[in-house]
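Worksheet: one structure, shown below.
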Amino acid sequence: MIVFEDVTLRYRPDAAPALDGVSLSVAPGDIVAIVGANGSGKSTFARLCDGLLTPSSGRVTVDGLDTSDEATIWDVRSAVGMVFQDPDDQIVGTVVEEDCAFGPENLGLPSDRIVERVAEALATAGLTGLERREPHLLSEGQKQRLAIAGALAMRPRYLVFDEPTAMLDPAGRRSVIAAIKRLAREEGHGVLIVSHDVADVAHADRVVALAAGRIAFDGTPSRLFSEPETLHSCGLALGEAGLLAAELRALGFDVPADAVDAESVVEALWR
Amino acid sequence: MRAMSGIGQYVPLDSPLHRLDAAAKLGITAALTVGLFTADGFAGLALIAAAVVAAVVVSRVPARAVTRGLRAVGLIVVFTVLANSLRWAPSIALVHLGPLGVDAAGLHRGLFFAVRIVVLVVGTTLLTLTTSPVQLSGGLERVLAPLKLLHVPVGDLAMTLSIALRFIPTTAEEAEGIVMAQQARGAVFDKGGPVARARAYAPVLVPLFFQLFRRADALATAMEARCYRGTEGRTRMKEDRMGAGDWMAMIGIGAALALAGWFL
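This is how it looks when you write it as structure tokens:
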């Protein structure tokens, strides 16, 4: 369990807090989406999960280990895999398999176990067959899935995604979202997605909206989508498909509130 | 910028040269350099050049990737030949070009230096063309390992080198993007003399450096998140080690190259 206990973080002592008294927990197998406008504190939240930032007050623990404790920080970081927005900022290796091996190599694993983990992580991320490909020759979706594979190769129990689909085209986005869902549903990873895209949020079990560093909403995606004002105040906006679904609902059609992308609206109408 | 990208960029193929251990290749490259600089005549150079050409063929790397490196030194080669062969108002000359004359001994010397540069560039480019940056930095780390006794951070240096090589294509793409963005707003890069052209690139360098620093910061964060804490205690997926074949190839080829230079 990743547990935030009354966490406040100020980047400078005299600055307004980026995160202000946040308490929250994420269990293995959960998909939790953290949403909010720019500057709401959501990226700060992501970086607190694995001790890249430590709270000014309060406590963040990962399976009982305090992220402020220097002695166990590397255990925390191998338990929490991070995937950032721009894959080019996180790919270290010059070919796919070498990059995927970077994390396990840092953990000091023997080479046969690294090979095993790399093969497994690349298979999960759907990159088998591209082992010797250079990163700059991959599509953006493939690059982002390589970043996911790199995190997976450390066998983390939790995965934190910071705007994982912001730079992707629709096909790349679908492939990454599918990979994320599979990780939580089939592999039991605890997943935290920081995003400002309703289509990413629709797949979560739970949505936590941040506004000015505080929790402004905590509930299911369908509840969030049926509260247009909350949605708006969190800096989120329904796309055309979501707006159409809302109008259809108002006309009495049976379209669930979490149908916010074209695919799920069509699926709901088809039923 | 585009011409610069891709020089010596690793070409992933499967050839005996690709399979040869990186440390062995570093050794052979060192021997090649020694051979080239001790060779006194064209016979030695020709022998070494023949060995390099054979290596290119064996590596199966496309010729274009090899010659791309030469374009960058073209100017130096031309300058070398001209500077050595041209004389001001000589009494004897092969050819007279107005007040200038081509000196036979100078031309001979100039060509000799030019061939030496070309062979050196092709030979060393072949090293990076056939060795992935990770293997290369791993090889360098093993070659330099004795320096660890003097507290030189060999592992960190090797990691830095490997990251630098990995980011060459990314940086080239980024530079190209900035050039295009500025061209779209009317900037001109291909007019005027060399000074004007160089000056035109100044507004490209500022945003490029800004981007690189931002990227370096983000990359450092990502590396930390992936548990990078220096190379102490780090293992490698492919624990490269010099096999008997690698040793034999290195000593055999290396000695042949060095001796070719020494005796011919």
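If you're matching them up, the sequences are chains X and U in order.
In terms of the numbering used here, the first sequence opens at residue 1 and continues consecutively.
In terms of the numbering used here, the second sequence opens at residue 1001 and continues consecutively.
The beta-carbon is built from N, C-alpha and C at its ideal position, and this holds for glycine as well.
For the pair residue 168/X and residue 134/X, the CB atoms are not nearer than the 8 Å cut-off. Relative to the Cα of residue 26/X, the nearest Cα in the group 269/X, 229/X and 184/X belongs to 184/X. With fewer than 16 other Cβ atoms inside 10 Å of its own Cβ, residue 1105/U counts as exposed. Rounded to whole angstroms, residue 1095/U and residue 1172/U show a C-alpha spacing of 44 Å. Look at residue 38/X: its C-beta is not under 8 Å from any C-beta on chain U.
Membership of residue 21/X in the beta strand (DSSP E) is indicated by the continuous run 19–26. Relative to the Cα of residue 1254/U, the nearest Cα in the group 1098/U, 1024/U and 1015/U belongs to 1024/U. Counted as a single uninterrupted DSSP element, the beta strand (DSSP E) harbouring residue 195/X occupies residues 190–195.
The three-state reading of DSSP puts residue 226/X in coil, since its state is none of H, G, I, E or B. Residue 81/X carries a strand assignment under DSSP once its states are collapsed to helix, strand and coil.
For residue 269/X, the enclosing alpha helix (DSSP H) covers residues 262–270. Taking a cut-off of 8 Å for Cβ pairs, the region 171–183 of chain X and the region 208–219 of chain X do not touch, as fewer than three such pairs fall below it. The beta carbon of residue 186/X sits no closer than 8 Å to any beta carbon of chain U. As a beta-bridge residue in DSSP terms, residue 1101/U pairs with 1087/U and 1096/U. Pairing residue 131/X with residue 122/X gives a Cβ-Cβ distance under 8 Å. The beta carbons of residue 145/X and residue 126/X sit closer together than 8 Å.
Residue-level contact check: residue 44/X does not touch chain U, since none of the beta carbons of chain U fall below 8 Å from its beta carbon.
The count of Cβ pairs closer than 8 Å, one atom from the region 1157–1171 of chain U and one from the region 1058–1071 of chain U, stays below three, leaving the stretches out of contact.
DSSP, reduced to helix, strand and coil, places residue 1130/U within a helical segment of the structure shown. Per DSSP, reduced to three states, the secondary structure at residue 219/X is strand. Considered as a whole, the region 1143–1206 of chain U harbours 1154–1166, 1168–1184 and 1194–1200 as its complete alpha helix (DSSP H) runs of no fewer than 4 residues, in chain order. The beta carbon of residue 107/X sits closer than 8 Å to some beta carbon of chain U. Remark: C-beta atoms of residue 1131/U and residue 1055/U do not approach each other more closely than 8 Å.
Counting C-beta atoms within 10 angstroms of its own C-beta, residue 105/X has 16 or more neighbours from the protein chains shown and is therefore classed as buried.
Secondary structure note for residue 61/X: its beta strand (DSSP E) is the uninterrupted segment 57–62. Residue contact check for residue 136/X against chain U: a CB pair falls below 8 Å. According to the DSSP assignment, residue 1034/U belongs to the alpha helix (DSSP H) that extends over 1022–1038. Restricting attention to 1185/U, 1053/U, 1234/U and 1216/U, the CA atom closest to the CA of residue 1017/U is found in 1053/U. Distance from the Cα of residue 1249/U is smallest, within the candidate group 1151/U, 1205/U, 1263/U and 1029/U, for 1029/U. Per DSSP, reduced to three states, the secondary structure at residue 236/X is coil, with no helix or strand assignment. Distance from the Cα of residue 194/X is smallest, within the candidate group 268/X, 29/X, 10/X and 48/X, for 48/X. For a cut-off of 8 Å, the C-beta gap from residue 213/X to residue 29/X is around 28 Å, too long to register as a contact. The residues 1141, 1144, 1145, 1147 and 1148, in chain order, have a CB closer than 7 Å to that of residue 1154/U in the same chain once the five nearest residues on each side in sequence are set aside. Looking at the backbone, the Cα of residue 250/X and that of residue 218/X are separated by about 24 Å.
A Cβ-Cβ contact shorter than 8 Å links residue 1033/U with residue 1120/U. Counting only Cβ-Cβ distances below 7 Å, residue 101/X has contacts in chain U at 1237, in chain order.
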